[in-house]
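For reference, the structure is listed below as C-alpha cells.
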Amino acid sequence: MLCPRCAYDKTTVVGTVKGAINTRSRKCPNCGYIWKTRELPVWDTCPSGYKEYLESLFKDEEQEETKTKWH
Ligand SMILES: [Zn+2]
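The numbering of the sequence shown is our numbering, which starts it at 1 and goes up by one.
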C-alpha cells in the first residue's frame, strides 16, 4: 500500500490484529509515518450475506469512530 503521507510504495507491516477483518499497522521506511489499515474480503467472492454479517459486527465500532471524529 502507498504511504498516505509521501506515496512511497514499499511500506511494511509492523503488526496485525487478526479477525474477520484484519487490522494492520503499517510503517513507511521513507518518511517514518505509521498508520493502520483494514484488510477486507472482496465481497463478490464471499458467500451471500457475509458482507452484511461483517457490517453488523463493525457497526458499533464505526459509530464510535464517527463520534470521536465529529464531537
Ligand atoms: Zn511515507
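Just so you know, even glycine gets a beta-carbon here, dropped at the ideal spot from N, CA and C. Only a predicted model underlies this, so the values are computations on that prediction, with no experimental measurement involved.
### Query
Hey, SER25 and LYS10 are a contact pair by Cβ (cut 8 Å); roughly how many whole angstroms apart?
Incorrect: roughly 16 Å between the Cβ atoms, too far for contact.
#### Entry: Sub-8 Å separation of CYS46 and ASN30 beta-carbons
Against a cut-off of 8 Å, the Cβ pair of ASN30 and CYS46 comes out as no contact.
### Task
For the beta strand (DSSP E) holding VAL17, just list the boundary residues, first then last.
Counting along the chain, the beta strand (DSSP E) containing VAL17 begins and ends at 12-17.
### Message
Comparing C-alpha positions only, which one of ALA20, TYR33, LYS27 sits nearest to TYR53?
### Response
ALA20
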